[in-house]
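Trainee: Here the sequence shown is numbered in the numbering used here, starting from 50 and rising by one per residue.
Virtual Cβ for every residue (Gly too), placed ideally from N, Cα, C.
Once you've had a glance at the structure underneath, I'll fire off some questions.
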Amino acid sequence: ASAVDMHLFIEEVVAIADEVAAERGSDKRIQLSFDEWNVWYLSRWQAEQATYGPDDWPVAPRQLEDAYHVLDAVVFGDLLITLLQHADRVRSASLAQLVNVIAPIMTEPGGPAWRQTTFYPFSLTSRLAGERVVPVTVASATFASAQHGDVPTVNAVATVDGEGVSIFVVNRSTTDATELRLDLTSLAEPGDVRVADLRVVESHQLHDDDRYAANTLDDPDRVRPSAVDGARIDGDALVLPLPAISWTAVRVARQG
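This is the structure in structure tokens:
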């Protein structure tokens, strides 16, 4: 539920900026840069630092080479959904970092490179997100999180363009599968394609029965997204089965 914390943080900063503008009688609308976000295990970094001893300038040490598992990737995808939900105010959101250091891509000196689990939500969202963000109101169960209180099990956002709709959704539950039914007519705007013309043309789901499965040097393709089994359009609704601890991206568009 870390995305809830991100959401509240963005909302607070926006509220402060708007309050200051109101007090100054300014019509300027401050846009935000959400700099250097990622999933980060701070305790590992602190333990790592302790191993350096008295040498303040070690040469090319391995630092923060976290191996991200499926659960990390689902949290990562949830953070991306939250950033998209705030795209009206968040205009820049740089990921920290890109290679080896808390990164979606890993390498070895003189060896291969491979994709971490977090690579897939980042890559697919970058490719599939459309021109306009459309808020998605989801009615779902809630669960009690350790740090953020009761939070919704499902979080989702959609983007639209002249050809169709992209939907990004996460099931935060650690135990229960669920099903999302999304009314596509609510996403249509004048000039967009008709719902009757839409088909599921692409679907990706990141999920594994082992929530701690990860990609490694020895097994670089252990975790990969798969097509969403059961994704379909039923009347005016997109239906998506969502396993527990899963991130899903679906593109519906004209076919052919």
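Distance, Cα to Cα, aspartate 210 vs proline 110?
Mentor: Linking aspartate 210 to proline 110 through their CA atoms gives a straight-line distance of about 45 Å.
Trainee: Alpha carbons only, please: which of Leu255, Thr156, Arg248, Ala190 is nearest the one belonging to arginine 300?
Mentor: Arg248
Trainee: Taking alanine 226 and leucine 291 to be in contact with their CB atoms under 8 Å, please state how far apart those CB atoms are, rounded to whole angstroms.
Mentor: 6 Å
Trainee: Suppose the cutoff is 8 Å on Cβ atoms and the five residues either side in sequence are ignored; what does the same chain contact list for asparagine 204 look like?
Mentor: Ala52, Asp127, Ile130, Thr131, Val187, Val218, Val219, Arg221
Trainee: Start and end of the beta strand (DSSP E) containing leucine 113?
Mentor: Run containing leucine 113: none; DSSP gives neither H nor E here.
Trainee: Give a yes or no on whether 8 Å exceeds the smallest Cβ distance from leucine 287 to chain C.
Mentor: The question asks about chain C, but that chain is absent: this structure has only one protein chain.
Trainee: Is the segment 80 to 89 touching the segment 130 to 144, taking contact as three or more C-beta pairs under 8 Å?
Mentor: yes
Trainee: Have a look at leucine 231 and alanine 136 and give me their C-alpha separation to the nearest angstrom.
Mentor: 21 Å
Trainee: Tell me whether alanine 64 is buried or exposed, calling it buried when 16 or more other Cβ atoms sit within 10 Å of its Cβ.
Mentor: exposed
Trainee: Do you know how far the Cα of glutamate 61 is from the Cα of asparagine 87?
Mentor: 20 Å
Trainee: Skipping 5 residues on each side, what residues in its chain have a beta carbon closer than 7 Å to that of alanine 207?
Mentor: Val183, Val185, Val214, Ser215, Ile216, Leu236
Trainee: Using beta-carbon positions only, say whether valine 19 and aspartate 257 come within less than 8 Å of one another.
Mentor: Since the first and last residues shown for the chain are 50 and 305, residue 19 lies out of range.
Trainee: Ordered along the chain, which non-local residues of its own chain (more than five positions away) have a Cβ less than 6 Å from that of alanine 298?
Mentor: Leu173, Leu177, Phe217, His253
Trainee: Could you tell me which of Arg243, Trp296, Pro274 sits nearest to aspartate 285, measuring between CA atoms?
Mentor: Arg243
Trainee: Given tyrosine 90, which residues of its chain have a CB within under 7 Å of its CB, disregarding the five upstream and five downstream residues?
Mentor: Asp115
Trainee: Within 10 angstroms of its Cβ, does valine 124 collect 16 or more other Cβ (buried), or is it exposed?
Mentor: buried
Trainee: Helix, strand or coil for arginine 260? Go by DSSP, reduced to three states.
Mentor: DSSP places arginine 260 in coil when its eight states are reduced to three.
Trainee: Under the assumption that threonine 166 contacts alanine 263 (Cβ atoms under 8 Å), give the Cβ distance between them as a whole number of angstroms.
Mentor: 6 Å
Trainee: With DSSP collapsed to three states, give me the class of glutamine 134.
Mentor: helix
Trainee: Helix, strand or coil: how does DSSP classify glutamate 366 here?
Mentor: The displayed coordinates of the chain run from 50 to 305. Any statement about residue 366 would go beyond what the structure contains.
Trainee: Between alanine 152 and tryptophan 296, how many whole angstroms is the CB-CB distance? I'm expecting something under 8 Å.
Mentor: So it is not a contact: roughly 18 Å between Cβ atoms.
Trainee: Which of the three DSSP states, helix, strand or coil, is assigned to valine 206?
Mentor: strand
Trainee: Considering just the uninterrupted stretch of the alpha helix (DSSP H) at arginine 176, what are its terminal residues?
Mentor: 168 to 177
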